[in-house]
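The block underneath contains the structure these notes are about, expressed in structure tokens.
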Amino acid sequence: MAGDAIMREVTLALPMVPDMEIEASRTATAIAESMRMSPDRIDEVRMAVVEACINALEHSRATDSEIFVTFEVIGDKDPEKLRITVRDSGVGFSPDQVEEPIIEEKIKARRKRGWGLKIIHGLMDEVEIHSGAEGTRVVMSKLRGTV
Amino acid sequence: MTDSLNVSVDRRDGMAVIYTEGYINNQGGEEIARVAYKLLDDGVKVLLLNLGGTKIVNSIGISILIEIIEKMIEIEGKLGFCCLTPTIEKTFQIMGLAQYAPIFPNEEAAVAQLRG
């Protein structure tokens, strides 16, 4: 069980421009490496960060043209968990009303996109989505695990 | 900031291997689709996507790969993937892609299976 103490915190403010997610993924990699997370788990974090940033970029319709990505290293004596929050100030959405994509339907559908949240849930250990008129926060965590 | 995608092709008897190197985002996915559709126009019906040089993909790029899978089903062709990183393979499994396009650990196994 991870302790709740925040040992280190870094926040990026990223412009809403194509490929900004790569910058967030690089920071995620550097911080996860500093926690001695295994390479496979780091890759999973990186991919989830990319998806959360793309969701914010594509769906938030935010007017302030920035998203904020906060990385928190959590633990007591040693780093135990990496918590990442991707925040936008866009129009928000109802997570409960997002239809889960199903490959059998998507393969025939005109619109084949809409996989981001499913991928994030599949790759991270904990995921919470808070969304409303003030914007959206995707909070996702990965335990460091054994190296 | 962009990690652009390089795509190359090795055509062999009746099939083609498409090699990718770099980030498969929307532009990368479109480049793969352009190359794949050109091969289909040339009569190639068996494609192997060797993603050994790709360490990161995003869901928009993968959606374009789903379009290619749909096209392969339409023409009754075959499409497979090989040399995926564990995370890309896990992502494809999460999405269910493997039931339409098999995933192989290496190129030799993929070529043998797809040609069979």
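Residue numbers (the numbering used here), protein chains in the order written: chain A, -1 to 145; chain B, 3 to 118.
C-beta: ideal position from N, C-alpha, C; glycine also.
Helix, strand or coil for residue 104(B) per DSSP? Locating residue 104(B) in the second sequence gives position 102, counting from the first residue. In the structure shown, residue 104(B) falls within a coil segment according to DSSP collapsed to helix, strand and coil.
At the level of alpha carbons, what is the spacing between residue 118(B) and residue 49(B)? Reading the second sequence from its first residue, position 116 is the one you call residue 118(B). Reading the second sequence from its first residue, position 47 is the one you call residue 49(B). If I take the Cα positions, the gap works out to 13 Å.
Quick check: what's the CA-CA separation for residue 111(B) versus residue 27(B)? Residue mapping note: residue 111(B) aligns to position 109 of the second sequence, counting from 1. Residue mapping note: residue 27(B) aligns to position 25 of the second sequence, counting from 1. Roughly 27 Å between the two C-alpha positions.
Using 8 Å for Cβ pairs, my map puts residue 60(B) next to residue 19(B). What's the rounded Cβ distance? Taking the second sequence and counting its residues from 1, the one referred to as residue 60(B) is at position 58. Taking the second sequence and counting its residues from 1, the one referred to as residue 19(B) is at position 17. Actually they do not touch by this definition, with Cβ atoms about 23 Å apart.
Contact with chain B by residue 123(A), beta-carbon distance below 7 Å: Position 125 of the first sequence, counting from 1, holds the residue named residue 123(A). So no, residue 123(A) is outside the interface.
Express the C-alpha separation of residue 12(A) and residue 40(B) in angstroms, rounding to a whole number. Locating residue 40(B) in the second sequence gives position 38, counting from the first residue. Locating residue 12(A) in the first sequence gives position 14, counting from the first residue. So the alpha carbons of these two residues sit roughly 37 Å apart.
Using a beta-carbon distance below 7 Å, is residue 3(B) in contact with chain A? Within the second sequence, the letter at position 1 stands for residue 3(B). Note that residue 3(B) has pLDDT 43, beneath the 50 cutoff, so the model's placement of it is unreliable and no number is given.
Between 59(A), 42(A), 7(A), which has its C-alpha nearest residue 91(A)'s C-alpha? As a first step, residue 91(A) is located in the first sequence; it is residue number 93 there, counting from the start. If we check each option's Cα against that of residue 91(A), 59(A) comes out closest.
Pull out every residue of the segment 90 to 101 of chain B whose Cβ sits closer than 9 Å to any Cβ of chain A, in chain order. Hits within the stretch, in order: 90, 92, 93, 95, 96, 97, 98, 99, 101.
Using 10 angstroms around the beta-carbon of residue 135(A), count the other beta-carbons present and answer buried if the total reaches 16, otherwise exposed. Counting from 1 along the first sequence, the entry for residue 135(A) is found at position 137. Residue 135(A) is buried by the Cβ-count criterion.
Stretch pair the segment 4 to 18 of chain B + the segment 130 to 144 of chain A: three plus CB contacts closer than 8 Å: Taking 8 Å as the limit for Cβ pairs, the verdict is that the segment 130 to 144 of chain A does not touch the segment 4 to 18 of chain B.
For residue 59(B), three-class secondary structure by DSSP: Within the second sequence, the letter at position 57 stands for residue 59(B). The answer is strand: DSSP assigns residue 59(B) an E or B state.
For residue 96(A), the nearest candidate out of 81(A), 123(A), 129(A) (CA to CA): Position 98 of the first sequence, counted from the first residue, corresponds to residue 96(A). For residue 96(A), the nearest C-alpha among the options comes from 129(A).
Beta carbon proximity, residue 33(B) to chain A, threshold 7 Å: One-based indexing of the second sequence puts residue 33(B) at position 31. Using beta-carbon distances, residue 33(B) does not count as an interface residue toward chain A, since no partner is under 7 Å.
Partners in chain B for residue 45(A), counting only beta-carbon separations shorter than 7 Å: Residue numbering aside, residue 45(A) sits at position 47 when the first sequence is read from its first letter. Contacts between residue 45(A) and chain B, judged by CB atoms closer than 7 Å, involve 58, 89, 93 in chain order.
Pairing CB atoms from the segment 6 to 21 of chain A with CB atoms from the segment 46 to 55 of chain A, are three or more of them under 8 Å? Touching, yes.
Short CB-CB distance (under 7 Å) between residue 8(B) and chain A: For the purposes of this step, residue 8(B) is taken as the residue at position 6 of the second sequence. It does not; no Cβ of chain A falls within 7 Å.
Measure the CB-CB distance between residue 74(A) and residue 89(B) and report whether it falls below 7 Å. Taking the first residue of the first sequence as position 1, residue 74(A) is located at position 76. Taking the first residue of the second sequence as position 1, residue 89(B) is located at position 87. Against a cut-off of 7 Å, the Cβ pair of residue 89(B) and residue 74(A) comes out as no contact.
Please return the same chain residues whose Cβ sits closer than 8 Å to the Cβ of residue 35(A), not counting the five positions on each side in sequence. Start at 1 with the first residue of the first sequence, and residue 35(A) comes out as number 37. Result list for residue 35(A): 43, 80, 140, 142, 143, 145, in chain order.
Counting only beta-carbon atoms, is residue 68(B) nearer than 7 Å to chain A? Stepping through the second sequence from its first residue, residue 68(B) is reached at position 66. By this cut-off, residue 68(B) is an interface position.
Any beta carbon of chain B sitting closer than 7 Å to that of residue 96(A)? In the first sequence, residue 96(A) corresponds to position 98, counting from 1. No, because no Cβ of chain B sits closer than 7 Å to the Cβ of residue 96(A).
Which value, in whole angstroms, describes the spacing of the CA atoms of residue 94(B) and residue 121(A)? Translated into positions along the second sequence, residue 94(B) becomes position 92. Translated into positions along the first sequence, residue 121(A) becomes position 123. Near 11 Å, if we compare the C-alpha coordinates of residue 121(A) and residue 94(B).
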